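Numbering follows our numbering, with no gaps: position 156 of the sequence shown is 991.
Accompanying notes for the structure given below.
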Amino acid sequence: MITKIAPSILSADFSVMGETVAKLEKCGADLIHCDVMDGTFVEPITFGGQMIKNIRPLTKLPLDAHLMIEHPKTQVKFFAEAGADIITVHYKACAKISDTYLEETLRLIKSYGVKCGAVVNPDVPVENIFPVFPLCDMVLLMSVYPGYGGQKFIPEVMEKIKTARQYAIKCGRPDMDIEIDGGVTLENAKAIREAGANVLVAGSAVFNSPDWTDTISKMKL
């Protein structure tokens, strides 16, 4: 399975975001990971659909909108129309509203012709999202607690990656994208891939490196 690297622009310099996105494409990135935070589901506030709309013309890469927000269904329209190629929403945020809210949100995303995915935090069993695997184009497993960049990878998540890949195969979806977000480095990228993940979100590891092209390339090896 092809490994894809999705640099998280949460770690970028927001004052030169356009130039950064264009540079990431030239440096071999496969997706642009956009961490959307509302100050409620997680403490920080980052950006909304306007950022997606502004960077959309600057790259041909898929824009991966990770919504760390309460009531994600209310925001799907804005991100879809702004140009997001995939929108992922948190199980935890949806489960607080109703047992069916996650499925409803995923179906709403797909109704806009956009790919969709479900997200679980490190303390949420991946089995909780098994019922929506057939709907998902991607499953995102957080390997840190969402909210801040630069955290260390939680090693217990490795077993969740294996479980998710095994279930994807069982469901007849062996090529499903399984994305890992948090603490991905050059040192642990290989082990993460071998566990079954094929989309690696990398923030600090890319932006703090002296050579983005070299770092992205090595993460795929």
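We put the CB at the ideal spot given by N, CA and C, even for glycine.
Here the structure is a predicted model, which is why all the values come from computation and not from measurement.
Residue 1037 places its beta carbon 9 Å or farther from that of residue 904. Non-local beta-carbon contacts of residue 1031 in its own chain, meaning distances under 7 Å to residues more than five positions away in sequence, involve 996, 997, 999, 1000, 1013 in chain order. Residue 892 has its alpha-carbon roughly 19 Å from the corresponding atom of residue 845. If you compare the alpha carbons of 943, 937, 947, 946 with that of residue 954, the shortest gap goes to 937. By the neighbour-count criterion, in which 16 or more other beta carbons inside 10 Å mark a residue as buried, residue 935 falls on the exposed side. Each residue's CA atom was taken as its position, placing residue 967 and residue 1045 some 40 Å apart. Here residue 896 really is in contact with residue 866; their C-beta atoms are around 6 Å apart, less than 8 Å.
Taking 9 Å as the cut-off, the beta carbon of residue 1004 is found no closer than this to the beta carbon of residue 972. Of the candidates 907, 884, 957, the residue whose Cα lies closest to the Cα of residue 1016 is 957. Classified as exposed, residue 849 has fewer than 16 neighbouring CB atoms from the shown chains inside 10 Å of its CB. By the 16-neighbour rule on beta-carbons within 10 angstroms, residue 926 is buried. By the neighbour-count definition (other C-beta atoms within 10 Å, threshold 16), residue 1026 is an exposed residue. Restricting attention to 915, 951, 886, the CA atom closest to the CA of residue 856 is found in 886. For residue 853, the enclosing alpha helix (DSSP H) has its first and last residue at 852-861. The beta carbons of residue 1052 and residue 863 sit closer together than 9 Å. Per the DSSP secondary-structure output, residue 950 pairs in a beta bridge with 921.
Just so you know, the alpha carbons of residue 1055 and residue 1024 end up roughly 8 Å apart. Each of 931, 1022, 965, 909 was checked against the Cα of residue 1011, and the nearest Cα belongs to 965.
For residue 1026, the enclosing alpha helix (DSSP H) has its first and last residue at 1024-1030.
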